[in-house]
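Accompanying notes for the structure given below.
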C-alpha cells in the first residue's frame with residue numbers, strides 16, 4: 181500500500197520486522213495521521229523524548245501498523261519553552277491516554293482538552309516533568325493529595341460505586357468508577373497509573389547490555405515478550421544475527437508464556453462464572469507447565485531467559501521428551517475441559533452476550549491483540565508481520581466475530597491448541613549450535629524497534645542509544661494501552677456482578693500500562 | 033455432569049505434603065497466636081504482577097493453602113496478615129498505608145519478592161518508595177523474583193513462627 185506521504189519517503193528503521201521512520205512538521209503530523217487513519221491502519225504506540233541537550237527540540241513519535249510494515253512518524257517540536265503538538269485522538273481514540281502520559285512525563289502538551297493527570301497522581305510536583313533530561317529521577321517528593329474529577333452521571337436513582345485501587349483479590353491495583361441504576365452499569369470510568377514505577381526514566385540508568393532485565397519486569401506476566409522486544413531492538417541497531425537455536429528457544433519460551441497465561445485465564449473465567457472445577461483443573465495444568473519450565477528454561481517465570489544475542493540457558497537434552505509428554509497431557513486435558521465448558525448451560529449462560537465489544541466499535545476504537553481478535557479484528561503480528569522464526573512456523577490466525585466473553589474464551593481455547601502445535605514444531609526443527617553471541621556496544625544516537633506479539637497483543641520496545649553503551653531513551657509499550665478504554669464500552673448495559681467476569685475476559689495489564 | 037464427576041475422580045487429590053515445618057505444627061502455631069485460622073489480605077503496592085501470579089498459585093490443588101487453614105480474604109478488616117508485593121509505587125503509598133491501618137491489631141506484614149524486600153530493579157525514585165518497609169512496618173520478607181509458591185509458603189510459616197516465639201520471649 182502506498183501513501184501520499186508529505187514530501188519524502190520513510191527512511192529505514194532498524195527493527196525485527198520491516199519498519200520505516202518518517203520525519204514530519206506540525207501540519208504533516210496531523211496530515212499523516214489522517215492519511216493513515218483513512219487507510220485503516222492501527223496506532224501501535226505514541227511516546228515522546230527530550231532532545232533539548234542535542235538540538236534544542238522535544239520529539240513526539242507515533243507508531244502505526246501498516247499492512248506490510250510498521251511506520252514511526254517523528255515530529256520535532258522546536259518551541260522548547262512551550263512544547264505543543266496536535267492531538268491525533270479524534271482519529272485514533274486510544275492516543276488520548278498516551279498523550280496524557282506524555283504530558284505527565286515530559287510536559288509536552290497536545291491540544292486536547294482533557295488534561296487530567298494519568299500517570300501523575302500528585303506524587304510529584306505539577307511543574308516537574310520527570311522524563312526531562314535535566315530532572316533528577318532519583319529525587320523524592322511528598323504526596324499532595326488532590327481529588328480526581330471523574331465524569332459524573334446524574335438522574336433519578338443514579339449512584340456511583342468506587343472500586344479500588346486495592347482490589348478484593350490477588351490482582352493488580354487500579355480504580356474503577358461505576359455509575360449505575362440498580363445493578364445496570366450506565367458508565368464506567370477507569371483510573372490507572374497506580375503502579376507507575378518510572379520505568380522509562382529508570383531505563384536511562386541501565387546499560388544497553390543490561391536493559392533487558394528491566395524490560396522483563398515491565399509486566400511480569402509478559403516477561404518473555406518484553407525482554408525479547410528489548411533485545412530485538414538492540415540486535416537490530418547493532419545488526420547482530422542471533423543464532424538459529426536461540427531464535428527457536430525464544431519462540432518456545434514466548435509460546436510457553438502464552439500457554440501459561442491462557443490456562444490461568446481459562447480457569448479464572450470458569451471461576452468467575454461460578455464454576456470452581458474450572459479453576460481447580462486449569463490451575464493444575466498451569467502448575468504442571470510452570471514446573472516443566474523449571475526443567476526446560478531454568479525457572480517458572482522467565483525473567484532471566486532472553487538476553488542480548490540469544491538466551492541464557494540451553495534446553496537440556498532430557499527436556500525434549502518431557503516437553504512432548506507435557507504437551508500431550510495438556511492437549512488432552514484442555515480438549516476435555518473445553519467440552520465441559522461448551523456443554524455447561526450455566527457457564528454458557530454467563531459467558532454469552534456478556535461484555536460484548538462489537539466489531540464496528542472494536543475497529544473504530546483501535547482494538548488490538550487477543551481482545552481485538554475476539555471481535556473479528558484479524559491481526560496477529562506472528563501471522564501478518566512475522567519475524568524469525570514465525571516466518572517459517574506460519575501460525576494460524578484465530579478470530580471470533582461476536583466479541584462477547586464467550587468469544588474471548590473461544591479464542592483462548594483455540595490459541596492454546598494452536599500454540600501446542602507451534603511448540604511441537606519448534607522442538608522438531610530445533611537445530612544444534614550456540615545459544616548466544618556477543619552483542620557489540622551500539623553507536624550513540626541510533627534508534628531501533630522490537631515488536632513482539634505477546635499473549636495479550638503487540639509488545640513494543642523502542643530503544644535509542646546513548647554514548648559508551650548507555651541507553652538514551654527506551655519506550656516500552658503494552659497493548660493494554662489500546663484495550664483498557666474498550667472495557668469501558670464492553671461493560672455498558674451489563675450488570676455490576678458481571679464486571680469481574682468481563683474484566684477477566686480482557687485480562688489487561690496494569691503494570692504494563694502504568695510503566 | 034458425568035464428565036465433571038469423572039474429571040474429579042480421575043484427577044484425584046494432588047495436594048502435596050508440605051515441606052518443613054509440618055502442617056500440624058504450623059496449625060498449632062497459628063492457633064496459639066490467633067486462636068483461629070490465619071487470614072491474609074494481599075496488596076499489590078506496585079508490583080509487575082509476577083509475584084501475584086505466584087501467590088495465586090498457592091490456591092492451586094498442589095499447594096492447597098486453604099486446606100491448611102490459611103485463606104485469602106477480600107477485606108483488610110478480616111485479615112491477620114498483609115502480604116504485600118512491591119516496590120511501593122508513590123501512587124500506591126497512600127492506599128497501602130490506609131490498608132495497613134484498616135487491619136486490626138495484632139497484625140503481621142510480610143513483604144513478598146525482591147522488590148517488596150529491598151526495592152528490586154526499581155529501587156527508589158520519583159515514582160517508587162522501594163521496599164515495603166520504607167512505608168509500613170514489616171515483620172518478614174520473602175526474596176525471589178518472583179519467589180515460587182513453596183518459598184512464599186515457607187515465608188508465611190516463618191513469619192507466623194517468629195511472631196509466635198516473640199510472644200513467649
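Residue numbers (my numbering), protein chains in the order written: chain W, 181 to 695; chain P, 33 to 201. The C-beta atom is built at its ideal place from N, Cα and C for all residues, glycine as well. This structure is a prediction, so every number in the text was calculated from the model and none was measured.
Close beta carbons around residue i, own chain, < 8 Å, minus the five adjacent residues each side
{"i": "residue 382(W)", "result": "317 and 394"}
{"i": "residue 434(W)", "result": "404, 405, 408, 632 and 634"}
{"i": "residue 308(W)", "result": "315 and 321"}
9 Å Cβ cut-off: residues of chain W touching residue i
{"i": "residue 158(P)", "result": "303, 304, 308, 310, 315, 316, 317, 318, 319, 320, 321, 378 and 381"}
{"i": "residue 188(P)", "result": "In chain order: nothing, as chain W lies at least about 14 Å away."}
Through-space distance from residue j to residue i, alpha-carbon basis
{"i": "residue 122(P)", "j": "residue 129(P)", "result": "11 Å"}
{"i": "residue 201(P)", "j": "residue 603(W)", "result": "Confidence in residue 201(P) is poor, its pLDDT being 35 and thus under 50, which makes the residue's placement unreliable; the coordinate value appears in the next sentence. Approximately 56 Å between the Cα atoms of the pair."}
{"i": "residue 92(P)", "j": "residue 462(W)", "result": "9 Å"}
{"i": "residue 507(W)", "j": "residue 600(W)", "result": "6 Å"}
{"i": "residue 459(W)", "j": "residue 241(W)", "result": "42 Å"}
{"i": "residue 436(W)", "j": "residue 399(W)", "result": "16 Å"}
{"i": "residue 208(W)", "j": "residue 280(W)", "result": "21 Å"}
{"i": "residue 686(W)", "j": "residue 526(W)", "result": "21 Å"}
{"i": "residue 110(P)", "j": "residue 665(W)", "result": "33 Å"}
{"i": "residue 181(W)", "j": "residue 245(W)", "result": "Unreliable positioning characterises residue 181(W) in this predicted model, as indicated by a pLDDT of 48, which lies under 50. The coordinate reading is nonetheless provided below. The alpha-carbon atoms of residue 181(W) and residue 245(W) are separated by roughly 12 Å."}
{"i": "residue 182(P)", "j": "residue 450(W)", "result": "25 Å"}
{"i": "residue 372(W)", "j": "residue 514(W)", "result": "34 Å"}
{"i": "residue 367(W)", "j": "residue 504(W)", "result": "47 Å"}
{"i": "residue 522(W)", "j": "residue 516(W)", "result": "10 Å"}
{"i": "residue 440(W)", "j": "residue 466(W)", "result": "6 Å"}
{"i": "residue 313(W)", "j": "residue 134(P)", "result": "40 Å"}
{"i": "residue 586(W)", "j": "residue 531(W)", "result": "5 Å"}
{"i": "residue 157(P)", "j": "residue 107(P)", "result": "30 Å"}
{"i": "residue 212(W)", "j": "residue 206(W)", "result": "10 Å"}
{"i": "residue 295(W)", "j": "residue 33(P)", "result": "54 Å"}
{"i": "residue 276(W)", "j": "residue 680(W)", "result": "25 Å"}
{"i": "residue 682(W)", "j": "residue 535(W)", "result": "5 Å"}
{"i": "residue 71(P)", "j": "residue 232(W)", "result": "53 Å"}
Classification of residue i by the beta-carbon crowding that lies within 10 angstroms, buried from 16 upward
{"i": "residue 258(W)", "result": "exposed"}
{"i": "residue 162(P)", "result": "buried"}
{"i": "residue 169(P)", "result": "exposed"}
{"i": "residue 52(P)", "result": "Note on residue 52(P): pLDDT 49, under 50, position unreliable in the model; no value is reported."}
{"i": "residue 638(W)", "result": "buried"}
{"i": "residue 81(P)", "result": "buried"}
{"i": "residue 68(P)", "result": "exposed"}
{"i": "residue 575(W)", "result": "buried"}
{"i": "residue 647(W)", "result": "exposed"}
{"i": "residue 139(P)", "result": "buried"}
{"i": "residue 262(W)", "result": "exposed"}
{"i": "residue 692(W)", "result": "buried"}
{"i": "residue 689(W)", "result": "buried"}
{"i": "residue 658(W)", "result": "buried"}
Chain-ordered chain W contacts of residue i [CB-CB under 7 Å]
{"i": "residue 150(P)", "result": "Result: empty, since nearest Cβ-Cβ is about 14 Å, beyond 7 Å."}
Same chain only: Cβ atoms within 6 Å of residue i, ignoring 5 sequence neighbours per side
{"i": "residue 546(W)", "result": "222, 223, 272, 274 and 662"}
{"i": "residue 569(W)", "result": "427, 428 and 431"}
{"i": "residue 297(W)", "result": "284"}
{"i": "residue 483(W)", "result": "396 and 403"}
{"i": "residue 677(W)", "result": "none"}
{"i": "residue 337(W)", "result": "361"}
Contact set between residue i and chain P, taken where Cβ atoms lie within less than 8 Å
{"i": "residue 461(W)", "result": "39 and 43"}
{"i": "residue 689(W)", "result": "81"}
Cross-chain neighbours of residue i in chain P, by beta carbon under 9 Å
{"i": "residue 407(W)", "result": "Neighbours of residue 407(W) on chain P: none; closest Cβ ~12 Å, over 9 Å."}
{"i": "residue 457(W)", "result": "36, 39 and 40"}
{"i": "residue 403(W)", "result": "80 and 82"}
{"i": "residue 375(W)", "result": "76, 77, 78, 79, 80, 81, 121, 123 and 124"}
Close-in-space but distant-in-sequence residues of the same chain around residue i (CB under 7 Å, 5 per side omitted)
{"i": "residue 378(W)", "result": "310 and 317"}
{"i": "residue 345(W)", "result": "353, 354, 355 and 374"}
8 Å Cβ cut-off: residues of chain W touching residue i
{"i": "residue 126(P)", "result": "323 and 325"}
{"i": "residue 92(P)", "result": "460, 463, 464, 466 and 467"}
Listed by chain order, chain P residues near residue i by CB distance under 7 Å
{"i": "residue 352(W)", "result": "76, 81 and 84"}
Check your understanding: For the stretch 413-425 of chain W against the stretch 189-196 of chain W, are there 3 or more C-beta pairs whose distance is under 8 Å?
Key -> yes
Check your understanding: Does the stretch 614-625 of chain W come close enough to the stretch 418-435 of chain W to have 3 or more Cβ pairs within less than 8 Å?
Key -> yes
Exercise for review: Decide yes or no for the touch test of the stretch 74-87 of chain P against the stretch 168-188 of chain P: beta carbon pairs closer than 8 Å, at least 3 of them.
Suggested key: yes
Review point. Using 8 Å as the Cβ pair cut-off and three pairs as the minimum, do the stretch 546-564 of chain W and the stretch 491-499 of chain W touch?
Key: no
**Study point:** Contact the stretch 630-646 of chain W vs the stretch 471-485 of chain W: 3+ CB pairs below 8 Å
**Key:** no
Practice item. Count the CB pairs spanning the stretch 113-121 of chain P and the stretch 142-160 of chain P that are closer than 8 Å, and state whether there are at least three. Key: yes
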